[in-house]
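Worksheet: the structure to be examined is printed underneath.
2 protein chains.
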Amino acid sequence: MTEFRAVAAATGEPTGPAFAVHGPADVDAVCAAAAAAFDAYRATGREERAAFLEAIATEILGIGDDLIEAAMLESGLPRARLEGERGRTVGQLRLFADVVRKGAWQQLRIDPAMPDRQPLPRPDLRLRMIPVGPVAVFGASNFPLAFSTAGGDTASALAAGCPVVVKGHPAHPKTGELVAAAIARAVAACGLPAGVFGHLVGPSNELGAALVQDPRIAAVGFTGSRNGGLALVRLAQGRDVPIPVYAEMSSINPVLLLPEALKTRSGALGTAFVGSLTMGAGQFCTNPGLVLAIAGEGLDAFLAAAVEAVGAAAAQTMLTGGICKAYQSGVATLEATPGVDKLAEGRAGDAMQGHAALFRTTAEAFLTERAMGHEVFGASSVVVACRDEAELLSVLKGLEGQLTATLHMDAADEALAARLMSVLEMKAGRILANGWPTGVEVCHAMVHGGPFPATSDPRTTSVGSMAIDRFLRPVSYQNLSAALLPPELRDDARGDGAPRLIDGNLTL
Amino acid sequence: MTEFRAVAAATGEPTGPAFAVHGPADVDAVCAAAAAAFDAYRATGREERAAFLEAIATEILGIGDDLIEAAMLESGLPRARLEGERGRTVGQLRLFADVVRKGAWQQLRIDPAMPDRQPLPRPDLRLRMIPVGPVAVFGASNFPLAFSTAGGDTASALAAGCPVVVKGHPAHPKTGELVAAAIARAVAACGLPAGVFGHLVGPSNELGAALVQDPRIAAVGFTGSRNGGLALVRLAQGRDVPIPVYAEMSSINPVLLLPEALKTRSGALGTAFVGSLTMGAGQFCTNPGLVLAIAGEGLDAFLAAAVEAVGAAAAQTMLTGGICKAYQSGVATLEATPGVDKLAEGRAGDAMQGHAALFRTTAEAFLTERAMGHEVFGASSVVVACRDEAELLSVLKGLEGQLTATLHMDAADEALAARLMSVLEMKAGRILANGWPTGVEVCHAMVHGGPFPATSDPRTTSVGSMAIDRFLRPVSYQNLSAALLPPELRDDARGDGAPRLIDGNLTL
């Protein structure tokens, strides 16, 4: 195959222009250009790099409505959602511009020489973080803007000083092409080498595999399925020089309904839960796929409200036919699982649409049928009715790693919540109270990550400013003359405004 | 085998008491205790944890000369070296106590709620780093104190709040037992659960393998051979829940002699080089195993001085008979390599002693015979005489990842050095000028790490205060009440003196 076309999410029919399918020669050329651009790009000053990120944001906004329309057609997501997502994409780029300017990511450290120290003098030692090299980014199907071509992985890698090669998601090639062209315009306008950004598209997995195996690629960012993420991890580990893969893969995002909260507002919780469950057809990494509560009147009232809301929920076009089929298959598996009752399903739609599904089970069944703990990507959720706190804790402790864990609680639940905190911290990257896990704030204190298999590397986040750390490594400079030191580590630089750790003391 | 004894490094004969060989049941018990101790240990306040690290230092000093004598007998290292190493070990523990107190490692971040933000309010988000869980530490043979039972890996993991299980190196069981007992006394004196520190010994690789595969172990620290490190990485990646392995494995630490420096002080450089090469029988991770220079009179004079110094160098007892044999085999391989000339060797010793060896080759031969780029653990070094700068750059670019890269240079070499810097940064974790790579300062700006295969994870260091970051992961707290927040993230805590990033602005 040398060409492929997008598929309209709503109809399953091919649409729009034909795109050339990239192959090994393209991977080689794009990676060679990225490697050639690396030294010049990482030598850019902080202001120059920040301005480049802002220029990308401006260029993306400059595409105008064509971008929204392409994304609507290709993803089936509604206009308001995509306009919001564009705002988030642009906001991420501007956040990283601010982070680059402030410079704390460099982690500048200076331990001055101690020539008179006994028994041995101490040399002058200085440290900074440097970018790792060209980064491969895999666009995600469910965020055609904010976690795709110019999404969080790309923004954080470019902020770190790494050229980026995007393997665009084949579900939205036109959207990807528009954004890639915007980035290329920003590259040119800022006078940077073209290799700072590369873009590869094609429908096969071989393309992505070739990219991860290219020796010039130094790290990988990925958001997608568990199988896809693990495949990339294996490829990266099998290289002559293994590289890190930051794969955000799989999470069922447990929501714990604590007893007092269930007493006072079970109905409102049930309705709000379904709002989070069905948002965007449930196609979020943080979709609440598991609810834990102690059985009783409160849970019954919660379920009554949730059942009503699910029953009223309209079917929604899913991102791709494949995702829709996988969702239906996941729901069918749950239906056939011993000890699981289907409580409600949403209104049926056409062949490209998914409709919500709500299940109930017992702690005993959940702990026996481990497949219930696997993500069903879409608006499906399992409510586990536990007999008591001990059983709830067993279920919690038996869970795999998660992106999020949510507590719905009143003040009177605080003692119970406090007992759960240390378990929740070990299970999830983000713990939230009295909200819903969908809706991931892009800020400094966000962790969108978590223990395996939520991600392949729980030491990091893929959303928020800390994401830049993924693409950096430390280098120490001993007794180098000022001329050889990086400018920000010279005595007269004062860190150019960036914080520095001098002899162990943080200095602003 | 149920018991084993130490072997005196100098004689190869069994010595000292018999030690019980630990097996799977011991691994299980020690890991269970570590897991059980984790919550209580990580809940310790910063002052409490710092005092614990200082108590370990005091207890180690309290062992007195018995420790030095045991280490001398088991490792063959001389008294002065081991007394210095004890000072470093104690210094490391105190450095981490200071780091724990200052609290920057927590990376506290607060993004306050914005209830009135349009179109959506921003929730309150707070972030801190938490310890990953029990850490397995493999004692290194070449640092029986500073990188073994209470060495840098142990100190940094304990500082992070992780219980530690040490797999003691079988080459120094008595030394390890004395230090393990000192740590256990500190654990008890500080009122901590005994499982905060565990100690396993035995001569087989199966013991270490069982430890890395135990599901309660969350990360691994290792210093040793490339084969050993890679074996642990494979085991860790093959677990149901993969875990990070921080393995410091292999480096030949290129030393570049730049032309002007060679002109002005080639003889002094040659003599000083052999001092670094033969220190501790060459048994350092940062031993200078490769010298690069442009051929000419300067290099000839350097070699003449080096040949004289090597010829005068006494044979030295090596750490173990196995290491001694591996060294001799590595030297024999170099002797048999086409295009390699042996220039000098040190004075021969007995069967447990290694003597220095110096080789010369061409850039062409070095680039052809890739095995020349592999570490020979001991006092062996290869000098590559390059025709010109271009050839020197080719050799440099062809190297694998390194712990260090050294420049010997005068002011007039600065332009050439500047051209090399970007390559050196990509090849090594530490770049030093006009010194020798042996002698690793324990401080804040040290990086003892580097690109693969120098380490399995170049994003980190195993020496210096940044080593604590290896055993932490971020957790985000959204809209949690003060009672549920970790104390250091509460509004009234002001970080307890630790720096905080508030809305993106660093606040001391």
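Protein chains in written order, with my numbering: chain A, 1 to 508; chain B, 1001 to 1508.
C-beta atoms are modelled at their ideal positions from N, C-alpha and C, and glycine is treated no differently.
Amino acids of chain B, ordered along the chain, whose beta-carbon sits closer than 9 Å to that of residue i
i, result
"Glu308 of chain A", "Neighbours of Glu308 of chain A on chain B: none; closest Cβ ~26 Å, over 9 Å."
"Glu414 of chain A", "Ser1481, Ala1483 and Leu1484"
Where residue i falls, given that 16 or more other Cβ within 10 Å makes a residue buried
i, result
"Asn205 of chain A", "exposed"
"Lys1102 of chain B", "buried"
"Asn287 of chain A", "buried"
"Leu120 of chain A", "exposed"
"Thr535 of chain A", "Chain A is shown only over 1 to 508; residue 535 of chain A falls outside these bounds and no answer can be derived."
"Lys1342 of chain B", "exposed"
"Ser1380 of chain B", "buried"
"Pro1451 of chain B", "buried"
"Ser1250 of chain B", "buried"
"Ala537 of chain A", "With chain A running from 1 to 508 in the structure shown, residue 537 of chain A is simply not present."
"Lys427 of chain A", "buried"
"Asp66 of chain A", "exposed"
"Pro1014 of chain B", "exposed"
"Gln118 of chain A", "exposed"
"Glu1441 of chain B", "buried"
Residues near residue i by beta carbon distance below 6 Å, same chain, minus five either side
i, result
"Thr1317 of chain B", "Ala1009, Ala1010, Gly1076, Met1352 and Gln1353"
"Met1001 of chain B", "Val1021"
"Gly1267 of chain B", "Ala1301 and Ala1305"
Cross-chain neighbours of residue i in chain A, by beta carbon under 7 Å
i, result
"Gln1118 of chain B", "Within 7 Å Cβ-Cβ: nothing; Gln1118 of chain B doesn't reach chain A, min ~11 Å."
"Pro1499 of chain B", "Leu506"
"Ser1422 of chain B", "Asp39"
Chain A contact residues for residue i, given Cβ-Cβ distances below 8 Å
i, result
"Val1475 of chain B", "Glu425, Ala428, Gly429, Arg430, Ile431 and Val447"
"Asn1434 of chain B", "Asn479"
"Ile1130 of chain B", "Glu425"
Residue from the options whose Cα sits closest to the Cα of residue i
i, options, result
"Leu1484 of chain B", "A:Arg126, A:Met409 and A:Gly439", "A:Met409"
"Ala1182 of chain B", "B:Ala1160, B:Ala1247, B:Ala1150 and B:Arg1122", "B:Ala1150"
"Ala1467 of chain B", "B:Gly1045, B:Ala1411, B:Leu1299 and B:Phe1147", "B:Phe1147"
"Val376 of chain A", "A:Ile63, A:Phe284, A:Ile243 and A:Ala236", "A:Phe284"
"Met446 of chain A", "B:Ala1037, B:Asp1124, B:Thr1320 and B:Ala1051", "B:Asp1124"
"Ile60 of chain A", "A:Gly84, A:Val90 and A:Arg473", "A:Val90"
"Leu290 of chain A", "A:Ala326, A:Trp436, A:Ile56 and A:Gly228", "A:Trp436"
"Arg1094 of chain B", "B:Ala1057, B:Arg1117, B:Ser1250 and B:Pro1458", "B:Ala1057"
"Arg185 of chain A", "A:Leu53, A:Leu399 and A:Glu391", "A:Leu53"
"Ala50 of chain A", "A:Asn479, A:Val440, A:Asp98 and A:Lys263", "A:Asp98"
"His1374 of chain B", "B:Thr1337, B:His1355, B:Ala1348 and B:Leu1392", "B:Thr1337"
"Val135 of chain A", "A:Cys190, A:Arg216, A:Val179 and A:Trp105", "A:Arg216"
"Leu1299 of chain B", "B:Arg1360, B:Ala1209 and B:Glu1003", "B:Arg1360"
"Leu1277 of chain B", "B:Lys1263, B:Gly1296, B:Ala1295 and B:Asn1253", "B:Asn1253"
"Gly346 of chain A", "A:Ala281, A:Ser329, A:Val137 and A:Ala218", "A:Ala281"
"Val1475 of chain B", "A:Ala493, A:Leu506, A:Pro17 and A:Val423", "A:Val423"
Contact set between residue i and chain A, taken where Cβ atoms lie within less than 9 Å
i, result
"Cys1443 of chain B", "Arg109, Asp111, Arg122, Leu125, Asp503 and Gly504"
"Gln1237 of chain B", "Val233, Arg234 and Gln237"
"Ala1418 of chain B", "Ala483 and Leu484"
Sequence-distant residues of the same chain with beta carbon closer than 8 Å to residue i, five excluded per side
i, result
"Leu1108 of chain B", "Arg1126, Leu1127, Arg1128, Glu1488, Leu1489, Gly1495, Ala1498, Pro1499, Arg1500 and Leu1501"
"Asp491 of chain A", "Ala482"
"Asp28 of chain A", "Asp214"
"Ile68 of chain A", "Arg79, Leu82, Glu83 and Arg86"
Neighbourhood of residue i by C-beta distance below 7 Å, restricted to the same chain and skipping five residues each side
i, result
"Val201 of chain A", "Phe19, His22, Gly168, Pro170, Pro173 and Gly176"
"Val1030 of chain B", "Val1165, Gly1198 and Leu1200"
"Asp413 of chain A", "Leu258, Pro259, Glu260 and Ala261"
"Gly398 of chain A", "Leu367"
Proximal chain B residues relative to residue i, where beta-carbon distance stays under 8 Å
i, result
"Phe452 of chain A", "Val1241 and Pro1242"
Residue i: contacting residues in chain B (beta-carbon distance under 7 Å)
i, result
"Ala104 of chain A", "Leu1506"
TODO: Would you list, in chain order, the members of the stretch 1240-1262 of chain B that have their beta-carbon closer than 9 Å to a beta-carbon of chain A?
DONE: Within the stretch 1240-1262 of chain B, the qualifying residues are Asp1240, Val1241, Pro1242, Ile1243 and Pro1244.
Open item on the list: Residues of the stretch 1459-1485 of chain B in Cβ contact with chain A at a cutoff of 9 Å, in chain order, please.
Closed with: Residues Arg1459, Thr1460, Thr1461, Gly1464, Ser1465, Met1466, Asp1469, Arg1470, Leu1472, Arg1473, Pro1474, Val1475, Ser1476, Tyr1477, Gln1478, Asn1479, Leu1480, Ser1481, Ala1483 and Leu1484.
Task: Contact residues within the stretch 1218-1229 of chain B, judged by C-beta distance below 8 Å to chain A - done: Residues are counted here when their Cβ sits less than 8 Å from a Cβ of chain A; for the stretch 1218-1229 of chain B the count is zero.
- [ ] With 7 Å as the C-beta to C-beta threshold (strictly closer), list the residues of the stretch 1260-1280 of chain B near chain A in chain order.
- [x] If the cut-off is 7 Å between Cβ atoms, the stretch 1260-1280 of chain B has nothing near chain A.
Open item on the list: By the 7 Å beta-carbon criterion, what residues does the stretch 1395-1410 of chain B contribute toward chain A?
Closed with: Along the stretch 1395-1410 of chain B, there is no position whose C-beta sits under 7 Å from a C-beta of chain A.
TODO: For the stretch 73-101 of chain A, enumerate the residues whose C-beta is nearer than 7 Å to any C-beta of chain B, in chain order.
DONE: For the stretch 73-101 of chain A, residues whose beta-carbon sits nearer than 7 Å to a beta-carbon of chain B comprise Asp98.
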